[in-house]
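Residues in the sequence shown are numbered from 1 upward in steps of one, following UniProt numbering. Backbone N, C-alpha and C define an ideal beta-carbon position, used for all residues, glycine too.
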Amino acid sequence: KLDAQEVIVACQSCYGMIKKSGGTQKPVSLWKLLPEIGLPETLRGKAKNSDVVFTIHDSCSTRYEKELQDGIRWILNELGYKTSEPEHTRENTRCCGFGGMVVPANPDVATRVIKR
């Protein structure tokens, strides 16, 4: 109805759904867009003295979306945070069981996936 050519999304599952829908709208990940437009100067390096280390779990629905994954890491780096890569990351990420409404639809299956 809005004739939008692009839809900016922050949710990886929504990104994948719109991308695979075959519609005319192109999904653009917020995490890919932010490195292109940059962060406000007042935020850059704001966490450089922080001891917080982020471990990033890449969504299984976007495991092959390198620009999206790089964007998330870029944002944390620009803010000054340290990151740590888990054993299963990027294209080798494991499903957490939360996407696709697995948790409310089948809690037992979701629990088994999470415990794996």
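> For the candidate residues Ser84, Asp70, Ile72, whose alpha-carbon lies nearest to that of aspartate 51?
Replying inline: Ser84
> Near glutamate 78, which residues of its chain fall below 7 Å by C-beta distance, leaving aside the five closest residues on each side in sequence?
Replying inline: Leu39, Arg44
> Does the separation of the CB atoms of threonine 62 and serine 29 fall below 9 Å?
Replying inline: yes
> Whole-angstrom Cβ separation of leucine 68 and tryptophan 31, contact assumed at under 8 Å?
Replying inline: 5 Å
>> Tell me the rounded alpha-carbon separation between proline 86 and alanine 47.
In response: 21 Å
>> Using a 10 Å radius around the Cβ and a threshold of 16 neighbouring Cβ atoms, would you call tyrosine 64 buried or exposed?
In response: exposed
>> For proline 107, count the other beta carbons within 10 Å of its own beta carbon; 16 or more makes it buried, fewer makes it exposed. Which is it?
In response: exposed
> Does DSSP put serine 84 in a helix, in a strand, or in coil?
Replying inline: strand
> Helix or strand or just coil, what does DSSP make of serine 61?
Replying inline: helix
>> Here's the rule I'm using: 16 or more other beta-carbon atoms within 10 Å means buried, otherwise exposed. How should aspartate 3 be labelled?
In response: exposed
> With which residues is serine 29 paired in a DSSP beta bridge?
Replying inline: Val9
>> Could you tell me the alpha carbon to alpha carbon distance between arginine 112 and threonine 89, rounded to whole angstroms?
In response: 20 Å
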